[in-house]
Amino acid sequence: MAEAGLPRRQSHLFLLLYALASAGGAMAYVPFLTIWLPGRMTDLAGAADVEMLGYATFFGALAASAGGIGFGWLSDRTLNRRGWILAGLVLTIALLLVVPLAQDIRSLVAIIVAWQFALNMMLGPLAAWAGDCVPDEQKGLLGGLLAFSPALGAWLGWLVTWPGLVPAEQRLEVIGLLVATAVLPVLLFGRPRSFPDLTAPPAALEAGKAPRRPTGPAVRMWLARLLVQISEAALFAYLYFWFRSVAPGMHDNEKAQLFGMALTIAIPIALASGRWADRNNRPFLPLVAAAAVSSLGMVGMALATDPDAAKASYLVFGIASTVFLSLHSSQTLRVLPRSDRRGRDLGIFNLTNTMPSLIMPWLTISLVPGFGFDALFLLLAALSAIAVLLLATIPRPR
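Every letter in the sequence shown is one number past the one before it in the UniProt record's numbering, and letter 221, counting from 1, is 221.
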């Protein structure tokens with residue numbers, strides 16, 4: 001335990017291994033959902049591909065929500081984060097390899113639902129494990145390291161779509177192998193320093209009182225992430241189709257490169273912002289700035305009239321939203337009400353990751369066919385602007 005008066009620190013080795021495992025989670029879903037699945041949906045559904053992808057996203061999000069809460073709660077009750085992470089890893093990879101066997105829309109959606117459930121068996125306990133091990137003094141650094149997660153997922157998408165590098169029929173096998181390579185090290189070699197106060201039951205519970213409910217900052221953080229995630233989910237699911245509409249000649253590999261570029265540039269920005277937040281005890285200010293820039297990027301995408309402007313605007317949005325989501329994931333851990341139900345509460349909090357997938361398809365189906373992507377992007381920019389106001393009014397921690 002740290003000496004009195006000195007800031008507490010988790011080992012950098014554990015933080016790096018944890019960030020790599022988190023990246024493994026992103027590697028499991030980013031190339032699959034952004035590149036492989038839309039293309040397969042077009043093969044099976046033809047002109048109805050956008051609508052069918054919306055249904056797959058909707059039902060997959062329901063499974064992800066249930067899995068995140070349920071397996072987070074189970075990891076709380078069993079006090080065994082590692083076991084659930086390992087089980088989820090095995091099932092996630094197994095179902096990933098089964099996906100190509102689907103020969104019709106119904107079976108494809110069914111496998112995606114099961115896969116989302118298994119994926120969150122891994123991701124839910126993994127997220128809670130950080131809350132057990134990382135003190136508030138390092139949550140900004142943790143958020144910066146988490147920016148590697150989406151970037152590595154995008155790099156993998158770029159790698160597996162490189163013409164001639166990986167045969168199309170072997171892409172999911174390569175993804176599964178790399179996911180295992182990323183997640184297993186922290187399970188096998190991670191030895192985090194213990195901070196008993198991070199896992200101790202709430203004082204009110206020990207005194208026989210009712211545990212405290214979520215406070216104002218927690219509610220504001222939840223709502224702000226929900227609003228930004230609606231924008232992120234829309235781009236995550238429909239980036240393939242939007243670029244097809246503004247730049248029909250773009251190859252899948254070029255789309256993956258642009259996606260990866262935004263996420264890569266975000267890494268040093270997130271690291272610098274997180275370290276600044278730790279040093280100055282201003283955990284929420286970088287979130288305000290990132291949400292504001294994200295909103296401006298969406299406006300640029302709505303107003304873009306040529307492929308170059310569209311790509312530049314997407315880069316602004318992609319960089320800012322990645323910084324926001326990475327830092328938000330770590331700072332959320334400081335506002336959760338109960339350490340003994342951290343996995344469950346994170347599952348509820350992470351409904352902000354899955355609820356947008358329930359909302360976004362209906363927004364897209366309602367707006368895009370009649371008004372185009374421009375109207376959708378302007379609406380999403382307004383939602384991100386509301387997130388700025390919510391975060392800007394959170395009191396500074398003492």
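Virtual Cβ for every residue (Gly too), placed ideally from N, Cα, C.
Do you know offhand how far residue i's Cα is from residue j's?
{"i": "residue 121", "j": "residue 82", "result": "11 Å"}
{"i": "residue 61", "j": "residue 109", "result": "11 Å"}
{"i": "residue 158", "j": "residue 70", "result": "33 Å"}
{"i": "residue 46", "j": "residue 329", "result": "37 Å"}
{"i": "residue 113", "j": "residue 172", "result": "17 Å"}
{"i": "residue 366", "j": "residue 50", "result": "12 Å"}
{"i": "residue 1", "j": "residue 393", "result": "Model confidence at residue 1 stands at a pLDDT of 46, short of 50, so the residue's coordinates are unreliable; what they give is reported in the following sentence. About 34 Å."}
{"i": "residue 53", "j": "residue 357", "result": "11 Å"}
{"i": "residue 11", "j": "residue 18", "result": "11 Å"}
{"i": "residue 387", "j": "residue 296", "result": "13 Å"}
{"i": "residue 223", "j": "residue 63", "result": "21 Å"}
{"i": "residue 44", "j": "residue 106", "result": "10 Å"}
{"i": "residue 144", "j": "residue 278", "result": "11 Å"}
{"i": "residue 29", "j": "residue 58", "result": "15 Å"}
{"i": "residue 142", "j": "residue 32", "result": "26 Å"}
{"i": "residue 344", "j": "residue 306", "result": "45 Å"}
{"i": "residue 170", "j": "residue 95", "result": "14 Å"}
{"i": "residue 185", "j": "residue 303", "result": "45 Å"}
{"i": "residue 285", "j": "residue 391", "result": "8 Å"}
{"i": "residue 313", "j": "residue 264", "result": "16 Å"}
{"i": "residue 91", "j": "residue 189", "result": "21 Å"}
{"i": "residue 34", "j": "residue 242", "result": "12 Å"}
{"i": "residue 377", "j": "residue 275", "result": "32 Å"}
{"i": "residue 374", "j": "residue 248", "result": "17 Å"}
So for residue i, helix, strand or coil by DSSP?
{"i": "residue 350", "result": "coil"}
{"i": "residue 42", "result": "helix"}
{"i": "residue 474", "result": "It is not possible to answer for residue 474, since the shown part of the chain is limited to 1 through 398."}
{"i": "residue 397", "result": "coil"}
{"i": "residue 229", "result": "helix"}
{"i": "residue 345", "result": "helix"}
{"i": "residue 195", "result": "coil"}
{"i": "residue 305", "result": "coil"}
{"i": "residue 53", "result": "helix"}
{"i": "residue 2", "result": "Interpretation of residue 2 is limited by its pLDDT of 48, a score under 50 that renders its predicted location unreliable; the figure taken from the coordinates is listed afterwards. Residue state, collapsed to three classes: coil."}
{"i": "residue 116", "result": "helix"}
{"i": "residue 79", "result": "coil"}
{"i": "residue 336", "result": "coil"}
{"i": "residue 104", "result": "coil"}
{"i": "residue 389", "result": "helix"}
{"i": "residue 10", "result": "coil"}
Closest to residue i by CA distance: which of the options is it?
{"i": "residue 149", "options": "257, 85, 26 and 187", "result": "26"}
{"i": "residue 396", "options": "200, 132, 282 and 64", "result": "282"}
{"i": "residue 124", "options": "231, 66 and 93", "result": "66"}
{"i": "residue 161", "options": "306, 36, 305 and 183", "result": "36"}
{"i": "residue 20", "options": "73, 182 and 144", "result": "182"}
{"i": "residue 89", "options": "178, 153 and 58", "result": "178"}
{"i": "residue 55", "options": "216, 147 and 362", "result": "362"}
{"i": "residue 156", "options": "266, 175, 164 and 48", "result": "175"}
{"i": "residue 200", "options": "389, 22 and 340", "result": "340"}
{"i": "residue 384", "options": "225, 314 and 316", "result": "225"}
{"i": "residue 128", "options": "168, 92, 265 and 76", "result": "76"}
{"i": "residue 22", "options": "126, 14 and 119", "result": "126"}
{"i": "residue 218", "options": "184, 306, 240 and 349", "result": "349"}
{"i": "residue 239", "options": "228, 258 and 227", "result": "258"}
{"i": "residue 194", "options": "135, 165, 180 and 333", "result": "135"}
{"i": "residue 39", "options": "180, 191, 368 and 251", "result": "251"}
{"i": "residue 41", "options": "245, 243, 100 and 248", "result": "100"}
{"i": "residue 139", "options": "9, 373, 232 and 378", "result": "9"}
{"i": "residue 267", "options": "117, 115 and 152", "result": "152"}
{"i": "residue 287", "options": "165, 327 and 198", "result": "327"}
{"i": "residue 399", "options": "372, 84, 119 and 342", "result": "An answer regarding residue 399 cannot be provided, because it is not within the stretch 1 to 398 covered by the chain."}
{"i": "residue 16", "options": "80, 137, 146 and 119", "result": "146"}
{"i": "residue 84", "options": "117, 354 and 111", "result": "117"}
{"i": "residue 315", "options": "137, 337 and 256", "result": "256"}
{"i": "residue 216", "options": "318, 115, 227 and 337", "result": "337"}
{"i": "residue 163", "options": "254, 227 and 103", "result": "254"}
So residue i and residue j are in contact, right, with Cβ under 8 Å, and what is the actual spacing, rounded?
{"i": "residue 324", "j": "residue 291", "result": "6 Å"}
{"i": "residue 347", "j": "residue 72", "result": "4 Å"}
{"i": "residue 298", "j": "residue 310", "result": "Incorrect: roughly 12 Å between the Cβ atoms, too far for contact."}
{"i": "residue 335", "j": "residue 221", "result": "6 Å"}
{"i": "residue 360", "j": "residue 234", "result": "5 Å"}
{"i": "residue 154", "j": "residue 93", "result": "Wrong, their Cβ atoms sit about 20 Å apart, outside the cutoff."}
{"i": "residue 320", "j": "residue 294", "result": "4 Å"}
{"i": "residue 192", "j": "residue 133", "result": "4 Å"}
{"i": "residue 229", "j": "residue 352", "result": "5 Å"}
{"i": "residue 13", "j": "residue 86", "result": "Actually they are not in contact, since the Cβ atoms of residue 13 and residue 86 sit about 20 Å apart, beyond 8 Å."}
{"i": "residue 74", "j": "residue 231", "result": "The Cβ separation is near 31 Å, so there is no contact."}
Is residue i near the ligand SAH, going by C-beta to nearest heavy atom under 7 Å?
{"i": "residue 31", "result": "Ligands in the displayed structure: none, and consequently the ligand SAH is not present."}
Only counting runs of 4 or more residues, tell me where the alpha helix (DSSP H) segments fall wholly within the segment 242-294, in order along the chain.
Taking only runs of at least 4 residues, the alpha helix (DSSP H) segments lying wholly in the segment 242-294 are 252-280.
Complete alpha helix (DSSP H) runs within the segment 149-189 (minimum length 4 residues, chain order)
List check, alpha helix (DSSP H) in window: 171-189.
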